[in-house]
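Numbering (my numbering), first residue to last: -6 to 457.
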């Protein structure tokens, strides 16, 4: 059973945790604790021969330690040594394997068949594509994975950056990843979620109190939802104005509007140029004219700018941008901002880009997800949500990660619902609208997945 975790760390922070621990215990003892955690998992969840592939660092040392424990338990185990270990702890673990008579082969050009493969090649600190011979070995492991073999990665899948979540080419695709000491923030977001398989955290009895985490795992307890008073009514719950859902894209406005109502808004004003659509009776339509829009904007507590919003409404957009009202910026609003000369907004803002929109906003293509959200915050101020697997939330001057991945959410309208949920909880008084909206969105998705009647679901299924 994996340990619970709340605080998330970069690779450099994990090294500091390890450094602090080595002041109290020998490095080899710490290495064997990690090896024992992996041994416990294999003992309970696998049968048959194990092949362990060991690199030159302490990740390889974990592999040697695991091999020693498996051999002593009577399991058939073979070890491939890719390079001679360079760390004293790994050297000690290798000597233990020799003393136990374990078969250790120098890596050549082939990988024999086995029931299970253990990836102990490269650690969490990688920041570029693996070099040879690791590149070739990883390709062999990928081939074995395609044939249905189990791949167990120690700490991180080789080729994956434990800090950023970037998976370099090639990277191991593990069946299970067992990570130690502290949860690496990069394993919960970005490319990494396609490579970790089942992610297990073993803190091996370690406390991280002396090292400050870089991110926090999002839980319901981190969210603030206002409880309605018995005397509450539509006039006290806060109104939301949506500018978007124009002709041909009305669905975006409708999904945002209904979501805002269900998340707590008293009334929703929908600024749209459509006049032929049968729309939900709960939504109050407003013509996209400056005088009308500003009239209803003054009656609102929160504005959503962008879902289903094409080009051609710049005057209205600028007036909304400059109006003193909390703003949820999505889709067309984000595209407008990326193309404009506007920077930090003087009033509260929550931006909700996906990866493509975020790249346009920061005007760089090679930033990792963590750098991207920090850059958006620095340029535009406000709070930000970077959507995708392992959604990042920068709110209250703190970074949060939503440990949730569901490819079914990659469908038209899903983001419109998120924007509405954020605005709804915000209008009803939430002090944490960004992370509360993300948490609600996740739980709607989980419920929709349970109830689904088709192979995949559409965005509107989240509201049923």
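Backbone N, C-alpha and C fix where the C-beta goes; we use that ideal spot for every residue, glycine too.
Output the boundary residues of the alpha helix (DSSP H) element that contains residue i.
i, result
"residue 130", "127 to 139"
"residue 436", "426 to 444"
"residue 181", "Premise fails: residue 181 is in no alpha helix (DSSP H) and is neither H nor E."
"residue 411", "407 to 420"
"residue 247", "243 to 255"
Tell me, which residues are paired with residue i by DSSP?
i, result
"residue 32", "In DSSP, residue 32 forms no bridge with anything."
"residue 219", "Partner(s): none; residue 219 has no beta bridge."
"residue 144", "110"
"residue 344", "322, 377"
"residue 160", "153"
"residue 477", "Residue numbering for the chain in the displayed model covers -6 to 457; residue 477 lies beyond these limits and cannot be assessed."
Give me, in chain order, the residues of the same chain whose beta-carbon lies closer than 6 Å to that of residue i; leave out the 5 immediate sequence neighbours on both sides.
i, result
"residue 310", "329"
"residue 118", "4"
"residue 421", "219, 230, 231, 257"
"residue 9", "204"
"residue 99", "74"
"residue 156", "3, 4, 179"
"residue 7", "174, 175"
What do you get for residue i, buried or exposed, if any count of 16 or more other CB atoms within 10 angstroms of its CB means buried?
i, result
"residue 230", "buried"
"residue 350", "buried"
"residue 308", "exposed"
"residue 129", "exposed"
"residue 191", "exposed"
"residue 194", "buried"
"residue 24", "buried"
"residue -4", "exposed"
"residue 22", "exposed"
"residue 226", "exposed"
"residue 37", "exposed"
"residue 112", "buried"
"residue 17", "exposed"
"residue 122", "exposed"
"residue 151", "buried"
"residue 52", "buried"
"residue 435", "buried"
"residue 319", "buried"
"residue 78", "buried"
"residue 294", "buried"
"residue 390", "exposed"
"residue 302", "buried"
"residue 124", "exposed"
"residue 382", "buried"
Any heavy atom of the ligand MN closer than 7 Å to the CB of residue i?
i, result
"residue 347", "Absence of the ligand MN from the depicted structure is noted, as is the absence of any ligand whatsoever, leaving it without description."
What residue range does the beta strand (DSSP E) around residue i cover?
i, result
"residue 4", "Residue 4 -> not in any beta strand (DSSP E); alpha helix (DSSP H) instead, spanning 4 to 14."
"residue 195", "191 to 195"
"residue 209", "208 to 210"
"residue 172", "169 to 173"
"residue 262", "260 to 264"
"residue 234", "232 to 236"
Below 8 Å CB to CB, which residues in the same chain sit around residue i once its five sequence neighbours on both sides are set aside?
i, result
"residue 359", "none"
"residue 442", "399, 401, 450"
"residue 380", "345, 346, 347, 348, 408, 411"
"residue 283", "308, 309, 312"
"residue 90", "57, 60, 61, 64, 72, 97"
"residue 105", "44, 71"
"residue 184", "153, 158, 159, 160, 164"
Quick one: residues in its chain with C-beta nearer than 7 Å to the C-beta of residue i, no 5 flanking neighbours on either side, listed in chain order?
i, result
"residue 240", "266, 267"
"residue 317", "340"
"residue 120", "154"
"residue 327", "299, 344, 346, 350, 354"
"residue 162", "122"
"residue 426", "343, 415, 418, 419"
"residue 405", "452"
"residue 429", "216, 217, 218, 418, 423"
"residue 138", "144, 166"
"residue 388", "376, 425, 427, 428"
"residue 369", "344, 351, 354, 355, 377"
"residue 365", "351, 355, 379"
"residue 468", "Outside the shown range of the chain (-6 to 457) lies residue 468, about which nothing can therefore be said."
Along the chain, which unbroken stretches of the alpha helix (DSSP H) at least 4 residues long are found entirely within the stretch 36 to 112?
51 to 65, 81 to 92
Quick check for students: name the residue ranges of the alpha helix (DSSP H) that lie wholly in the stretch 268 to 341, counting only runs of 4 or more.
283 to 290, 307 to 315, 325 to 332
Within the stretch 349 to 396, ranges of the beta strand (DSSP E) (whole runs, at least 3 residues)
376 to 379, 385 to 388, 391 to 394
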